[in-house]
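Chains as they are written, first to last, in our numbering: chain R, 1 to 132; chain P, 1001 to 1196. Where a beta carbon is used, it is the ideal one built from N, C-alpha and C, also for glycine. Remarks on the structure that follows.
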Amino acid sequence: MTCLNKRYASLMNKVLDGDATVKERNELFAHLATCDSCDRHFKELKRSTEILNHLAHPQLSADFTKNVLEQLPAEKQHVLREWTARHPVIATAAICVVPMSLLFVAAGRQNSMPKRHGEDSYILVNQTGSRN
Amino acid sequence: MDQKEKRLIKKVKKGDHQAFADLVDRYKNSVCSICLRMVGNREEAEDLSQEAFIRAYNNISKFDSDRKFSTWLFRIATNLSIDSLRRKKPSVSLDAEIPGTEGLALNTLLPGNTVPPDEQIVMAETEQWIQKEIGALPDKYRSAVILKYVEDLSLKEISEIMRLPVGTVKTRVHRGREMLRKNMKESRGGRNDMPE
Ligand SMILES: [Zn+2]
């Protein structure tokens, strides 16, 4: 902008933001009618933002929604969460049981690796642990 | 937030997947649009959108139902996009293609596809050019400009999404707008076929 009057730059912003009073609008447009550089500047500002409105939104298919749903944690887990919120004491007790049983499982695995029962419970624990 | 949406959220908080599917269908195109304009790549934008919805679901207990769901969701999408841009930054060399131009398919522009192919190409070129200019803006101006002019959100809504005072958002919009004007003017060179 070759026009040195800073006031007009701030008026342009006000008008473009929809914040200008009628008086301010009139003041700006009166100046634009006489100042080529401000007039050009204002038109460019308007155009560069209006053009963004021409960008179409991508249209996602039903597959997108399906994919999202497939990645959600199973519905059951939320029932569990609700339940733990309502029964904090029992939930805490249950949480204490888990590491204890893990110890048992670990001990069981150490003592009797090939034993079928130990393997099964290891898989079970691992599966629940890997879900978030 | 409308009553139907409030009911949906209530169900989602109880773990109802179908209710969440309704919310995804409601907002997926806007979320993907924000991500696409932020990162400039359709495939990446879809991945980020998926991640945004999954995060929203997993954190739904933290969402205050008295607020607007879209505000909260758009915040997640914007933040994920910014994180993704920051992760990529060090690996982008100076002479590499400006991020935000690759992978823009024609169908991102024309869902209905009733425009003749040669016109489609012109429009796709314009879109690529606009995207390149958006991609040249620094992150903080880019997000403000996208939310304001691509998504048509109010400054107040943007300030809630960005968790910044309205005045700060305004300054970012002003700076982004001015930068966009200057860059578009310079890069346009001889072409004057910018749509009015
Ligand atoms: Zn002037």
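8 Å Cβ cut-off: residues of chain P touching N26 (chain R) | Indexing the first sequence from 1 puts residue 26 (chain R) at position 26. The premise fails here: N26 (chain R) is roughly 22 Å from chain P at the closest Cβ pair, so nothing lies under 8 Å.
Under three-state DSSP, which class holds D1022 (chain P)?
-> For the purposes of this step, residue 1022 (chain P) is taken as residue 22 along the second sequence, with counting starting at 1. In this structure, D1022 (chain P) counts as helix in the three-state DSSP scheme.
Got a sec, what are the start and stop residues for the alpha helix (DSSP H) A33 (chain R) sits in?
-> To locate residue 33 (chain R), count along the first sequence from 1; it is residue 33. Here A33 (chain R) belongs to no alpha helix (DSSP H), and DSSP marks it neither H nor E.
Mind listing which residues have their beta carbon within less than 6 Å of any non-hydrogen atom of ligand 1? Chain order is fine.
-> R:C3, R:N5, R:Y8, R:H31, R:C35, R:S37 and R:C38
Residue of R:V22, R:N5, R:E75 and R:M12 minimising C-alpha distance to K43 (chain R) = Residue numbering aside, residue 43 (chain R) sits at position 43 when the first sequence is read from its first letter. Of R:V22, R:N5, R:E75 and R:M12, the residue nearest in Cα terms is R:M12.
C167 (chain R) in three-state terms, based on DSSP | Absent from the structure is residue 167 (chain R), since the part of chain R shown begins at 1 and ends at 132.
Of the choices P:K1156, P:D1152 and P:M1179, whose alpha-carbon is the least far from that of G1135 (chain P)?
-> Translated into the one-based positions of the second sequence, residue 1135 (chain P) becomes position 135. When only C-alpha atoms are compared, the closest one is P:M1179.
Per-residue DSSP class, three states only, for E1005 (chain P) = By 1-based counting over the second sequence, the position of residue 1005 (chain P) is 5. E1005 (chain P): helix per DSSP, three-state reduction.
Got a sec? Which residues, its chain only, sit under 7 Å from R1075 (chain P) by beta carbon, not counting five neighbours each side?
-> Position 75 of the second sequence holds residue 1075 (chain P). I1161, listed in sequence order.
On a CA-only basis, which of P:D1025, P:R1142, P:A1021 and P:L1023 is nearest H1174 (chain P)? Give me that one, please.
-> On the second sequence, position 174 is the one that residue 1174 (chain P) refers to. Of the listed residues, the one whose Cα sits closest to H1174 (chain P) is P:R1142.
Close Cβ partners of D39 (chain R) (< 6 Å) along its chain, the five nearest in sequence each way excluded | Taking the first residue of the first sequence as position 1, residue 39 (chain R) is located at position 39. Excluding positions up to five away in sequence, the list reads L32.
Looking at Y1057 (chain P) and L72 (chain R), is the spacing between their C-beta atoms short of 8 Å?
-> If you number the first sequence from 1, residue 72 (chain R) lands on position 72. If you number the second sequence from 1, residue 1057 (chain P) lands on position 57. Contact: yes.
Under the three-state reduction of DSSP, which class applies to G1135 (chain P): helix, strand or coil?
-> Position 135 of the second sequence, counting from 1, holds the residue named residue 1135 (chain P). DSSP places G1135 (chain P) in helix when its eight states are reduced to three.
Ignore the nearest five residues each way along the sequence and tell me which others in R25 (chain R)'s own chain have a CB closer than 7 Å to its CB.
-> Here residue 25 (chain R) corresponds to residue number 25 of the first sequence, with the count starting at 1. The answer, listed in chain order, is V15.
For chain R, find out if any of its Cβ atoms is closer than 8 Å to the Cβ of M1162 (chain P); answer yes or no.
-> As a working note, residue 1162 (chain P) is residue 162 in the second sequence. No, no contact with chain R.
Under a CB-based cut-off of 8 Å, is F29 (chain R) close to chain P?
-> For the purposes of this step, residue 29 (chain R) is taken as residue 29 along the first sequence, with counting starting at 1. It does not: the Cβ of F29 (chain R) has no partner Cβ on chain P nearer than 8 Å.
How many angstroms separate the CA atom of K1156 (chain P) from the CA atom of V1166 (chain P)?
-> Residue 1156 (chain P) sits at position 156 when you count from the first residue of the second sequence. Residue 1166 (chain P) sits at position 166 when you count from the first residue of the second sequence. K1156 (chain P) and V1166 (chain P): Cα-Cα distance of roughly 6 Å.
Select from the region 32-47 of chain R all residues with a C-beta closer than 7 Å to any C-beta belonging to chain P, and list them in chain order.
-> E44, L45 and R47
What runs of the alpha helix (DSSP H), each 4 residues or longer, lie entirely inside the region 1024-1089 of chain P?
-> 1042-1058 and 1069-1088
Distance CB(A1019 (chain P))-CB(S1049 (chain P)) smaller than 8 Å = For the purposes of this step, residue 1019 (chain P) is taken as the residue at position 19 of the second sequence. For the purposes of this step, residue 1049 (chain P) is taken as the residue at position 49 of the second sequence. Not in contact: A1019 (chain P) and S1049 (chain P) (Cβ atoms no closer than 8 Å).
Minimum Cβ-Cβ distance from T21 (chain R) to chain P less than 8 Å = Reading the first sequence from its first residue, position 21 is the one you call residue 21 (chain R). No - not a single Cβ of chain P is within 8 Å of the one on T21 (chain R).
What do you reckon, are the CB atoms on F1053 (chain P) and V1012 (chain P) nearer than 8 Å?
-> Position 53 of the second sequence holds residue 1053 (chain P). Position 12 of the second sequence holds residue 1012 (chain P). No, Cβ-Cβ distance for F1053 (chain P) and V1012 (chain P) is not below 8 Å.
Among P:A1021, P:R1055 and P:R1037, nearest to T65 (chain R) - alpha-carbon criterion = The residue given as residue 65 (chain R) occupies position 65 in the first sequence. Among P:A1021, P:R1055 and P:R1037, the Cα nearest to that of T65 (chain R) is on P:A1021.
Please list the residues of the region 45-64 of chain R that have a C-beta atom closer than 7 Å to any C-beta atom in chain P, keeping them in chain order.
-> L45, R47, S48, T49, I51, L52, N53, H54, L55, A56, H57, P58, Q59, L60 and F64
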